[in-house]
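Converting from the sequence shown to this note's numbering requires adding 7 to each position, the first position being numbered 1.
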Amino acid sequence: MSSSNLENSSVSKGEVHQTRVQLKDIGRKARARLEEEKSKRPEIKRLDSLPNEERVTKLNDGTSFGATTSSFVRPKKKRSLRQPSSYQHHQQRQRQKTGEWTPDVSHIQVPSKEFRSTIVKLHGLPIECTVEHIKKFFSGLHPERVLILLSNQIAVPELDAASRPKDRGEEDFLRVFVKFDSAPTAVLASERSGETISFHADGDLSERKTFSIGVTQVRKDIAVSISTLAVTGVPGVPLSKTLSNVESKLHPRVREILWSAAAKEVGLVVDEGILRSKVFVEIDNPKTLAGYQEIATHHDRLIEIHDELLCQLPYPSVEESGSVLQKDPIVRLTNEASKKLVAEMERLESLLYQTRVSRGFGQIGFI
Numbered sequence: 008m009s010s011s012n013l014e015n016s017s018v019s020k021g022e023v024h025q026t027r028v029q030l031k032d033i034g035r036k037a038r039a040r041l042e043e044e045k046s047k048r049p050e051i052k053r054l055d056s057l058p059n060e061e062r063v064t065k066l067n068d069g070t071s072f073g074a075t076t077s078s079f080v081r082p083k084k085k086r087s088l089r090q091p092s093s094y095q096h097h098q099q100r101q102r103q104k105t106g107e108w109t110p111d112v113s114h115i116q117v118p119s120k121e122f123r124s125t126i127v128k129l130h131g132l133p134i135e136c137t138v139e140h141i142k143k144f145f146s147g148l149h150p151e152r153v154l155i156l157l158s159n160q161i162a163v164p165e166l167d168a169a170s171r172p173k174d175r176g177e178e179d180f181l182r183v184f185v186k187f188d189s190a191p192t193a194v195l196a197s198e199r200s201g202e203t204i205s206f207h208a209d210g211d212l213s214e215r216k217t218f219s220i221g222v223t224q225v226r227k228d229i230a231v232s233i234s235t236l237a238v239t240g241v242p243g244v245p246l247s248k249t250l251s252n253v254e255s256k257l258h259p260r261v262r263e264i265l266w267s268a269a270a271k272e273v274g275l276v277v278d279e280g281i282l283r284s285k286v287f288v289e290i291d292n293p294k295t296l297a298g299y300q301e302i303a304t305h306h307d308r309l310i311e312i313h314d315e316l317l318c319q320l321p322y323p324s325v326e327e328s329g330s331v332l333q334k335d336p337i338v339r340l341t342n343e344a345s346k347k348l349v350a351e352m353e354r355l356e357s358l359l360y361q362t363r364v365s366r367g368f369g370q371i372g373f374i
């Protein structure tokens, strides 16, 4: 190794040693300062080591430690109430100013979390209301679809408000629902109950009407049942007119079948006309030949109704008609009613077969 390399090596080792000495000196000084500061602090005593009379200490917020650490009393949190937004304040002032009537929906139960659906029902809508009015009402929540139920001329407690004013211009039992992308969004939508919809009446810019709207959540099983008898709102067309246009072309049996199915599935009330149709009847296992014949006669009647409905379809089933015709409300509703009839006929056929096997009615000549 050359002399220059040896000289550089000795210099490097000297620098490292000097650096280490400096670091140790800095460390000693830091520890000394720490000990000095520590000696100036007040003595910290463990709570368990204090006498009992000194153990209770009052805190600034009124809470206290009891005789032991386990007796700590946690202060109760004050429930923070949701403050209405400026928009909600405006809506409240509008109702107070105009004396606006609000639909009474207090009797409609709020479903628990596991039974919530993505659908809410609107109460108190005027007949001039359109899809655009509803989307504006739910601005920020992005409703997916506006649905109108086929008519059922009787109050349904699970769906309808308790009362309705006669001078409000509402269509009797115009049942309007709104579908959202999720159940939590539907819950947010229901919080807008009591807010108002305003628009110009009959296109008259000089007269502006304001209506207070009720919004209620719909139970999941009811939402599934009524979805089969709903018509989708058409933009720019009053909801009442959309419904009347569909029902004027729809076979009357379709409405009777779909509402009868909803009554059977979730116990909804139906009007006298639907009750008289007797599409779904409560039939037990027949114990006599007369009972067997009654079921067989009803089965044959359902076959006739089913064939009558198929004549209203351009194809034997919607599946064969393509996606374009599936969107047509007449085709879709008729097909839904047809499915309900087929399911009921299959149930009756099974009941008749079991009766033949168990009671020996096979030689009678019925089904």
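All C-beta atoms in this analysis are idealised placements derived from N, C-alpha and C, irrespective of residue type, glycine included.
- For K186, the beta-bridge partners assigned by DSSP are I126 and R152.
- For V185, the closest of S113, V138 and T203 by C-alpha to C-alpha distance is V138.
- Excluding five sequence positions before and after R38, none of the CB atoms of its chain fall closer than 8 Å to its own CB.
- The shortest CA-to-CA distance from R363 to any of Q300, L129 and E151 is the one to Q300.
- Bounds of the alpha helix (DSSP H) holding S247 are L246 to K256.
- Where G280 is concerned, there is no enclosing beta strand (DSSP E), although the alpha helix (DSSP H) around it starts and stops at E279 to S284.
- Distances from the alpha-carbon of T223 to those of L275, E315 and I115 put I115 closest.
- Distances from the alpha-carbon of P133 to those of D188, P164 and P110 put P110 closest.
- When DSSP reads this structure, S219 sits in a beta bridge with T203.
- Annotation for I312: R260 and L348 place their beta carbon closer than 7 Å to its own, counting only its chain and skipping 5 residues before and after.
- In this structure, H258 sits away from L296, with a CB-CB distance that is not shorter than 8 Å.
- Nearest C-alpha to V253 among A268, E42, G243 and A237: A237.
- If you check the CB distance, E263 and V231 do not come in under 8 Å.
- Taking each of T249, I229 and F122 in turn and checking the Cα distance to A270, the smallest one comes out for I229.
- Rounded to the nearest whole angstrom, the C-alpha separation of N159 and F145 is 26 Å.
- If the five residues before and after G243 are omitted, its C-beta is found closer than 8 Å to the C-beta atoms of T137, V138 and E139, all from its own chain and listed in chain order.
- The beta-bridge partner set that DSSP reports for A237 consists of L156.
- Cβ-Cβ distances below 6 Å link L157 to L236 and R262 in the same chain, with the five nearest sequence neighbours on each side left out; the list follows chain order.
- DSSP places D111 outside any alpha helix (DSSP H), giving it a letter other than H or E.
- Within the same chain, Cβ atoms closer than 6 Å to the Cβ of E272 are found at S232, the five residues on either side in sequence being excluded.
- Between I310 and I302 the beta-carbon gap is near 13 Å, outside 8 Å, which marks them as no contact.
- Only exposed fits V117, as fewer than 16 other CB atoms lie within 10 angstroms of its CB.
- Per the DSSP secondary-structure output, Q224 pairs in a beta bridge with V127.
- In terms of CA proximity to S251, R182 leads the group R182, C318 and S345.
- Per the coordinates, the alpha-carbon of D314 lies some 18 Å from the alpha-carbon of A268.
- Take the alpha-carbon of S247 and the one of R308: they are about 33 Å apart.
- If you draw a straight line from the Cα of V163 to the Cα of F206, it is about 28 Å long.
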